[in-house]
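Novice: Quick mapping for you: the protein sequence lines, in order, are chains A and B.
For the first sequence, the numbering used here gives the first residue as 1, with consecutive numbering after it.
For the second sequence, the numbering used here gives the first residue as 1001, with consecutive numbering after it.
Beta carbons are placed, not taken as given, at the ideal position from N, Cα and C, and that holds for glycine.
Here the structure is a predicted model, which is why all the values come from computation and not from measurement.
Quick one: the structure is below, and I'll ask about it shortly.
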Amino acid sequence: MKNIKIKIDNIEVIVPEGTTILEAAKKVNINIPHLCYHPDQAIKANCRLCVVDVSGSRKLTAACSSFVYEGMEVHTNTKKVRDMQKGILELILANHDQDCLKCLRNGNCELQALCQRFNISKTNLVDTVDALPLDDTNPSLIRDSAKCVKCNRCVDACQKVQEVHVLTHSHRSVHYNITPAYEMPLEQTFCVFCGQCAAVCPVGAIVEKDDTAKVWDAIYDPKKHVIVQVAPAVRVALGDAFNLPKGTIVTGKMVAALRRLGFDKIFDTNFTADLTIMEEGNELIQRLTKGGTLPMITSCSPGWINFIEGRYDHLLAHLSSCKSPQQMFGALSKSYYPEMAGMDPKNVYTVSIMPCTAKKYEAQRPEMMTNGVAEVDAVLTTRELARMIQSAGIDFVALEEDQFDNPFGIGTGAGAIFGATGGVMEAALRTAYEVITGKGLPSLNFTEVRGLSGIKESIVLIDDMELKVAVAHGLGNAKILLKQIEKGESPYAFIEIMACPGGCIGGGGQPIKSTRDVKEKRIEAIYKIDEDLPLRKSHKNPDILKLYDNYLGEPLGHKSHQLLHTHYHSRGMKYNFSELPNHK
Amino acid sequence: MSKTVAIITENFGQYDPGSIHSYLSIGGFSAVKKALTMSSAEIIEMTKKAAVKGRGGAAYDTGRKWAQAASVPGEDKVVICNADEGEPCTFKDRSILSKDPFRLIEGMIIAGYTVGAKNGYIYLREEYRHLRPLIRNAIDESLSNGFLGDNILNTGFSFQIHLYSGAGAYVCGEGSTLIESIEGKSGRPRIKPPFIKECGLFQLPTLVNNVETLAIAAAFIQHGVEEYLSHGTSGSPGTKIISLAGNIKNPGAYEIPFGLTLREIIYDIGGGIPDGHELKLFQLGGASGKIGPASIVDTPYTYEDLAKEGLVVGSGGILVVDDRTRVIDFVKSIQDFFIHESCGKCTPCREGNRQIAKIIDRFVEGSQRPDDLQTAERFANIMSNCAFCGLGETAQSTLLSAIKHFPQEFGLTEVAENEKH
């Protein structure tokens, strides 16, 4: 590709043709202010904060949407540019709820950082905020229009990445808003609660529903035995909140922090990820050998479950009946665990630390009950855990490493890689191959299903059976595979689908700024954990084998069926048009 | 009172616009017949010679636009007739649409032939829905008489025209927004590049022309450019349909040669101000145009003379305001319009209009604060420099020109005004 030479603030920079001014400026360490620009998204150019002065141009130019040309001279720091950028910032601020101390994004807000940069505290504009009412009726996400800066990043995530098409813009001019159609609350739409909107929001307009207070209350309640499970993807992302290099593995420090927070037992969801493989792997074998709906599709990702239940409910038979690792853990925590410890299941309070906002929704599904109690009592995202650690005054980085507790403390490498796209597939293949053939795998690494390409596929030879498998992450990609199934053209036997781009390491509950680069580092870390573990196959996990021997019997057995499997349902149309809110 | 001319409007009242037979009886479709014997290059050459500037408001050279559209590669191209005449006090396109729809169809066929398009779209503003049956009929009759459809007049050229209505948003008059609207999306402007000439409606190369521009093309193809060029000035040759409205005795759409003074237009053609009132100001080119004070009423109506006064021809609207109106009330009416019509997409336009409206409201009530005017000017400049599209860029033209020409009505003394410069 042709290279273009330009000057930005009199600094020469050479970039490939097709580079924007904003990206070119980054190359010479100039950070042009912006809000709607996101490195992983399409150009929007609507916030206009990135305006710069291009020599020969009458007006200012938006740096995010203007491409470089040979000989271009850009000035990013003139009085005019700064005055205009500052003015635009004042305009945004004047219609933004500035109650920053109460905001979950306080200290981690792009608008706040810009205001600091421009030294804005007060404007002479009238700042009465016109906004839609708060939407906080669902268990996962809170939308606060009063904080929305209308950057459209969430719309991009919802429409272009996830293709869920719930968030859109409505009305125009001063009534312009980002909202579901008819301004319905998310709960009454086909929102899948993946939280990808919250993950890209520059401010606090869409955030996870904060459940930390609930968890603190349980910890402080002397009657409660509070146990916690941590999902595989949390340990490679939590460090972001404490300014550790992206992709740092913080498993030991994380366990130590959880112990200091006061949890009675600290367990590993990797253990029930292994359990999921035992059940799901055997379910696949059963469908392949005894007949059953194929392709079988994984059911670990609750955002994905919400999607198929809402939009592709005619394909529900393809879903594995397995509960997700979170709910398998929850089921055991209210059955096996209290029985072993001689406790009343009602006194066990089970907390999950998840990279995911949809897990909050999943935990509240009415089916997810065992022994008359909710399997999981509270779900915290990685972000909420970070806040609890900060709130407790724990110096996370300085903590000495600690270890998970038994009996749910051992996870294999197969459980660990659940956190990355392709991981469930790879883990399942490791087990299915050996269970069917009775032979050891020549190589444990199924590299074809790894990485960030949208859809990955592979052919695995198991004895004389050719197993064609596919992996999709991000619901837009999932749709492509679903449409093949609809047309009867799917060549696959087994499909892994994760709602979020990158899999759980890119979940909607992960630390903010999980860009593509960051996701790559986390995936690297996940496979490092796998490589470094002595056990890398779920069916070789000694505690899993013990669990079957002592309690469950066998995979797909009666007890397993009762505790570890479920039915998925159509979500149906939830709009009630007679109850539409009044319109302006 | 023979200061008006009839070139673009020559057919007005000469035939029944509801009947192609009536149109054919006055020599209708001779422009198309002639054009189809010419080459694309010859038509472009003629268009360049006529030096017609786009009549939607942007005043882009039509010959150049057609040449670009013709040179863009593509088997399937689109011609759009922008009939979303949304500027307040602008209704000159309506006069063509209602009195001479067949000439517009001719203009579109010629444009389609010239640039190599297969389909044409008329995007009619929602408020002109009463004209839909008339235009629908003109399309249908043209089709059934072989002027549209496959192999027009056995020349091998095929062209269809489709009629679309907007949903009532002013911003849809902007080319890329109009295209979004035809595609069924909400009316918000697109990012450029890609430019619509290369990637427009349904991602096809697209030419967008105003109603009047297309009608002129049909006129000079039919009669040759000489007659058209015999009017006007050297800098602004030809004629223009203006919409004359406001505090004026004879409001209406008139075709005039470029070069008449505003005084001739307002007093000789428009009959002057009613009830013995005095001219105070006028606004040219619709709500996004600047206002001019009565003191410059002798300026000739040409692109170049108006530009010297900071004014534009724009859409051809001329709104006359007399001494009964407070400038601030006039500014408020324009501000109300933009508060209604901003699409809300970009910050400067959405939030700038919101804040400036609050300030203007305080001026209207007389409760303005000492720094209000300075704040309004500051944010008006931010809008004109930083907004996403032309709507936001020009929304504050009225306010800024009003402050310039009528500082005393904003509480500024002449001395203070001088100190500012």
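Suppose only complete runs of 4+ residues qualify. What are the alpha helix (DSSP H) ranges in the segment 134–202 of chain A, listed by chain order?
Specialist: Whole alpha helix (DSSP H) segments, 4+ residues: 153–156, 196–200.
Novice: Between which residues of its own chain and GLU70 (chain A) is the CB-CB distance below 8 angstroms, once the five residues before and five after are set aside?
Specialist: Contacts found: ILE4, LYS5, ILE6.
Novice: Give the DSSP bridge partners of SER1165 (chain B), in chain order.
Specialist: Its beta-bridge partners are B:LEU1124.
Novice: Is it the case that the Cβ atoms of LEU91 (chain A) and ILE120 (chain A) are separated by a distance below 7 angstroms?
Specialist: Not a contact, by the Cβ cut-off of 7 angstroms.
Novice: Between which two residues does the alpha helix (DSSP H) containing ILE1043 (chain B) stretch?
Specialist: ILE1043 (chain B) -> alpha helix (DSSP H) spans 1040–1050.
Novice: Would you report the Cα separation of GLU1409 (chain B) and LYS1192 (chain B), rounded to the nearest angstrom?
Specialist: For GLU1409 (chain B) and LYS1192 (chain B), the distance between alpha carbons rounds to 40 angstroms.
Novice: Using 7 angstroms as the limit for Cβ to Cβ distance, is VAL1415 (chain B) near chain A?
Specialist: At VAL1415 (chain B) the pLDDT is 48, less than 50, meaning the model places this residue with poor confidence; the figure from the coordinates comes in the next sentence. With 7 angstroms as the cut-off, VAL1415 (chain B) does not count as an interface residue toward chain A.
Novice: In the structure shown, what three-state DSSP assignment does GLU520 (chain A) receive?
Specialist: Here GLU520 (chain A) sits in helix by DSSP.
Novice: Spatial neighbours of ILE1334 (chain B) within its chain, please: CB distance less than 6 angstroms, with the 5 preceding and 5 following residues excluded, ordered by chain position.
Specialist: Around ILE1334 (chain B): ALA1287, THR1398.
Novice: Quick one: complete beta strand (DSSP E) runs, 3+ long, within the segment 1148–1213 of chain B?
Specialist: 1160–1165, 1206–1210, all fully within the segment 1148–1213 of chain B.
Novice: In the segment 1167–1194 of chain B, which residues sit with their C-beta less than 9 angstroms from some C-beta in chain A, listed in chain order?
Specialist: Within the segment 1167–1194 of chain B, the residues whose Cβ lies closer than 9 angstroms to some Cβ of chain A are ALA1169, VAL1171, SER1186, GLY1187, ARG1188, ILE1191, LYS1192, PRO1193, listed in chain order.
Novice: Report the residue ranges of all alpha helix (DSSP H) runs contained in full by the segment 509–565 of chain A; include only those spanning at least 4 residues, in chain order.
Specialist: The segment 509–565 of chain A contains these whole alpha helix (DSSP H) runs: 516–532, 542–547, 558–564.
Novice: Excluding the 5 residues flanking ASN1137 (chain B) on each side, which residues of the same chain have their C-beta closer than 7 angstroms to its C-beta?
Specialist: Cβ neighbours of ASN1137 (chain B) beyond the five flanking positions: GLY1018.
Novice: Applying the criterion that 16 or more other CB atoms from any shown protein chain within 10 Å of the CB defines a buried residue, is LEU1262 (chain B) buried or exposed?
Specialist: Flag for LEU1262 (chain B) reads buried.
Novice: Start and end of the beta strand (DSSP E) containing ASN3 (chain A)?
Specialist: Taken as a continuous stretch (DSSP letters only), the beta strand (DSSP E) holding ASN3 (chain A) covers 3–8.
Novice: Got a sec: which bits of the segment 1353–1365 of chain B sit with their beta carbon under 9 angstroms from any beta carbon on chain A, in order along the chain?
Specialist: Listed by position along the chain: ASN1353, ARG1354, GLN1355, ALA1357, LYS1358, ILE1359.
Novice: Would you call the CB atoms of ASP53 (chain A) and HIS75 (chain A) closer than 7 angstroms?
Specialist: Closer than 7 angstroms, so yes.
Novice: Between the segment 106–130 of chain A and chain B, which residues of the former have CB atoms less than 7 angstroms from a CB of the latter, in chain order?
Specialist: Correct list: ASN124, LEU125, VAL126.
Novice: Out of B:TYR1254, B:GLU1045, B:GLY1120, B:GLY1390, point me to the one whose CA is closest to VAL1005 (chain B)'s CA.
Specialist: Among B:TYR1254, B:GLU1045, B:GLY1120, B:GLY1390, the Cα nearest to that of VAL1005 (chain B) belongs to B:TYR1254.
Novice: Let's test the definition: count the other Cβ atoms within 10 Å of the Cβ of ASN29 (chain A) and tell me whether it reaches 16, buried, or not, exposed.
Specialist: Exposed.
Novice: Hey, is GLU1351 (chain B)'s beta-carbon within less than 7 angstroms of any beta-carbon in chain A?
Specialist: Closer than 7 angstroms to some Cβ of chain A, the Cβ of GLU1351 (chain B) qualifies, so yes.
Novice: Output, in sequence order along the chain, the residues in the segment 7–23 of chain A whose CB is closer than 8 angstroms to any CB in chain B.
Specialist: Listed by position, the residues of the segment 7–23 of chain A near chain B (Cβ gap below 8 angstroms) amount to none.
Novice: Among A:THR447, A:PHE494, A:ALA363, A:VAL200, which one has its Cα closest to the Cα of ARG516 (chain A)?
Specialist: Nearest of A:THR447, A:PHE494, A:ALA363, A:VAL200 to ARG516 (chain A), Cα basis: A:VAL200.
Novice: What's the gap between the Cα of ARG1064 (chain B) and the Cα of GLY1116 (chain B)?
Specialist: Each residue's alpha carbon lies about 15 angstroms from the other.
Novice: Might you give, ordered along the chain, the residues of its own chain that have their beta carbon closer than 7 angstroms to the beta carbon of CYS1386 (chain B), omitting 5 neighbours on each side?
Specialist: Closer than 7 angstroms at the Cβ level, and outside the excluded window around CYS1386 (chain B), lie PRO1348.
Novice: Do we get a CB-CB distance below 7 angstroms when we pair ALA45 (chain A) with the residues of chain B?
Specialist: Closer than 7 angstroms: yes.
Novice: For ARG153 (chain A), go through chain B and note every residue whose CB falls closer than 7 angstroms to its CB, in chain order.
Specialist: Here the premise fails: no neighbours, minimum Cβ distance about 14 angstroms.
Novice: In angstroms, rounded to a whole number, what distance separates the CA positions of GLU1341 (chain B) and LEU1412 (chain B)?
Specialist: Between GLU1341 (chain B) and LEU1412 (chain B), the C-alpha separation is close to 30 angstroms.
Novice: If distances are taken between C-alpha atoms only, which option among B:ASP1329, B:PHE1330, B:GLN1283, B:VAL1321 comes closest to GLY1310 (chain B)?
Specialist: Nearest of B:ASP1329, B:PHE1330, B:GLN1283, B:VAL1321 to GLY1310 (chain B), Cα basis: B:GLN1283.
Novice: Taking its Cβ as the centre, do 16 or more other Cβ atoms sit within 10 Å of PRO587 (chain A), making it buried, or is it exposed?
Specialist: Residue 587 (chain A) is absent from the model: chain A starts at 1 and stops at 584.
Novice: Could you give the residue range of the beta strand (DSSP E) that holds ILE455 (chain A)?
Specialist: Segment 455–462, the beta strand (DSSP E) holding ILE455 (chain A).
Novice: Which residues of the segment 86–108 of chain A have a Cβ closer than 7 angstroms to any Cβ of chain B? Give them in chain order.
Specialist: So the list reads GLY87, ILE88, LEU91, ILE92, ALA94, ASN95, given in the order they occur along the chain.
Novice: Could you name the residues of the same chain whose beta carbon sits closer than 6 angstroms to that of ILE585 (chain A), not counting the 5 residues immediately before and after it, in chain order?
Specialist: Nothing can be reported for residue 585 (chain A): it is not among the residues displayed for chain A, which extend from 1 to 584.
Novice: Alpha carbon to alpha carbon, what distance is there between LEU244 (chain A) and ILE394 (chain A)?
Specialist: Straight-line Cα distance between these residues: approximately 15 angstroms.
Novice: Which residue from A:ALA499, A:MET465, A:ARG311, A:ALA472 puts its Cα closest to that of GLY451 (chain A)?
Specialist: Residue A:ALA472 is the option with its Cα nearest to GLY451 (chain A).
Novice: What did DSSP end up calling ASN108 (chain A) once you bin it into helix, strand or coil?
Specialist: ASN108 (chain A) falls in the coil class under three-state DSSP.
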